[in-house]
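First residue of the sequence shown: 1, per UniProt numbering; consecutive thereafter. C-beta atoms are modelled at their ideal positions from N, C-alpha and C, and glycine is treated no differently. Quantities reported herein were computed from a predicted structural model and do not represent experimental measurements. Contents: one structure, followed by commentary.
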Amino acid sequence: MASRTAASSRARSTLAAEGLSLRAHQVQRRSAPAFSTGTAQRRHASTTSSSSLDIPPPPPPRSRSSGSAQADAQARADEAKAQFYGKRNQSLLLYSCAGIVFVLGTTYAAVPLYRVFCSATGFGGTPITASGGVTGDGRFDPSRLVPATLDPNTSAPTRRIRVTFNADTSDSLPWSFTPVQKEIYVLPGETALAFFTAKNHGKKDIIGIATYNVAPDRIAPFFAKVECFCFEEQRLLAGEEVDMPVFFFLDSDMLDDPSSRGVRDVVLSYTFFSARRNKVNGQLEPDTDLEQYRVGKD
């Protein structure tokens, strides 16, 4: 009887312990979060789809040191570009200024240079007033001032050449201007002296400038002036009358030139104009258009 009672007590104790364990397990299941099978499947599918798109990972953040280096390099490049354009603009400005100065200088010297060129070459019927035979005092070499009495081509006596003088004045100049002698005869290489008379009929002092021309044009390179009133402007007082000399010769080289050796008549023409001041270079020049006073070609 006692043994049965003990066995019965142990059985109840075992059942009680199992009951407590079962209750604790149920309580633990209630307190834990419930995850459904569908949720687990959706999470698995989401992970799989993300890996299948091959999205590149985000770039690593730039360090402050690399950004600063790029900014410095860009600043240096901008500075070099600014210096390049600055030097180019400065060079362009200097070239422009030089071009302006050159144009102004050419304009200033155009008239004097043209006169020197015509006097040296006989261009346009302008008599020669300077040549390679000019000496230190401005006169021609004496070897050119020897009359050619014999023709170097035929050894025959050289024929004299008639030089006719013509004098005119512009309508705006109240002067009378005439040659003292109408014509003279000279040999090539022989010097000759001629005079012109000018008188100011105005009531005030007037400065006049004479232009000159030789016809035919082909004789102009050989017509040389040693002294001439036309080299400078002439100032005549009111009512004043003066004689103006011209000292010239025909170069004997004309006998060696086929185009000029047959010339027998030469016309030396002068025209006086009132002088005006050039606004560009400040020099005195004839107050007219010179083209209309040119002696015609033969």
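Report yes if the C-beta distance between Ile184 and Glu285 is below 8 angstroms; otherwise report no. The residue given as residue 184 occupies position 184 in the sequence shown. The residue given as residue 285 occupies position 285 in the sequence shown. No, the pair does not count as a contact, with Cβ atoms beyond the cut-off.
Taking the alpha-carbon of Ala167 as reference, which of Ser260, Phe273, Ile207 has the nearest alpha-carbon? On the sequence shown, residue 167 is found 167 positions in, with the first residue counted as 1. Cα-wise, what sits closest to Ala167 is Phe273.
Could you name the residues of the same chain whose beta carbon sits closer than 7 angstroms to that of Ala77, not counting the 5 residues immediately before and after it, in chain order? The residue given as residue 77 occupies position 77 in the sequence shown. Contacts found: none.
Ala198 CB to nearest chain D CB: under 8 angstroms? No chain D is part of this structure, which consists of one protein chain only.
In angstroms with no decimal places, state the Cα-to-Cα distance between Leu92 and Lys279. To locate residue 92, count along the sequence shown from 1; it is residue 92. To locate residue 279, count along the sequence shown from 1; it is residue 279. C-alpha separation (whole angstroms): 29 angstroms.
For the region 229-237 against the region 176-191, do three or more pairs of beta-carbon atoms, one drawn from each stretch, fall closer than 8 angstroms, so that the two count as touching? The way I'd put it, the region 229-237 doesn't touch the region 176-191; fewer than three beta-carbon pairs between them come closer than 8 angstroms.
Taking the alpha-carbon positions, what's the Asn89 to Asn281 distance? To locate residue 89, count along the sequence shown from 1; it is residue 89. To locate residue 281, count along the sequence shown from 1; it is residue 281. For Asn89 and Asn281, the distance between alpha carbons rounds to 31 angstroms.
Three-state secondary structure assigned by DSSP to Val263: By one-based count along the sequence shown, residue 263 stands at place 263. Coil at Val263, not helix or strand.
Tell me where the beta strand (DSSP E) around Ala215 begins and ends. For the purposes of this step, residue 215 is taken as the residue at position 215 of the sequence shown. First-last of the beta strand (DSSP E) with Ala215: 206-215.
Is the region 171-179 touching the region 223-233 in the sense that three or more CB pairs, one from each, lie closer than 8 angstroms? no
Three-state secondary structure (DSSP) at Ala238? The count along the sequence shown starts at 1 and reaches residue 238 at position 238. The answer is coil: DSSP assigns Ala238 none of H, G, I, E or B.
Using 10 angstroms around the beta-carbon of Gly86, count the other beta-carbons present and answer buried if the total reaches 16, otherwise exposed. As a working note, residue 86 is residue 86 in the sequence shown. With fewer than 16 Cβ atoms within 10 Å of its Cβ, Gly86 is classed as exposed.
Take Phe195 and list the residues in its own chain whose beta-carbon comes closer than 8 angstroms to its own, dropping the five residues that flank it on each side. The count along the sequence shown starts at 1 and reaches residue 195 at position 195. These residues qualify, in order along the chain: Pro179, Val180, Gln181, Asp243, Met244, Pro245, Val246.
Quick one, are the C-beta atoms of residue 378 and Glu190 less than 8 angstroms apart? Nothing can be reported for residue 378: it is not among the residues displayed for the chain, which extend from 1 to 298.
Output the distance between the C-alpha atoms of Glu79 and Ala275, rounded to the nearest integer angstrom. Counted from its first residue, the sequence shown places residue 79 at position 79. Counted from its first residue, the sequence shown places residue 275 at position 275. Those two C-alpha atoms are separated by around 59 angstroms.
May I have a chain-ordered list of the alpha helix (DSSP H) segments no shorter than 4 residues that lie completely inside the region 155-213? none
Work out the CA separation of Asp205 and Arg268 for me, nearest whole Å. Taking the first residue of the sequence shown as 1, we reach residue 268 at position 268. Taking the first residue of the sequence shown as 1, we reach residue 205 at position 205. The sequence given here has Leu at residue 268, not Arg. Going by the C-alpha atoms only, they are around 27 angstroms apart.
Helix, strand or coil: how does DSSP classify Ala77 here? As a working note, residue 77 is residue 77 in the sequence shown. Helix, per DSSP.
Is the beta carbon of Ile219 closer than 8 angstroms to that of Val266? Walking along the sequence shown from the start, residue 266 turns up at place 266. Walking along the sequence shown from the start, residue 219 turns up at place 219. In this structure, Ile219 lies closer than 8 angstroms to Val266 by Cβ.
Roughly how many whole angstroms lie between the Cα atoms of Ala192 and Phe249? On the sequence shown, residue 192 is found 192 positions in, with the first residue counted as 1. On the sequence shown, residue 249 is found 249 positions in, with the first residue counted as 1. Each residue's Cα considered, the two are about 6 angstroms apart.
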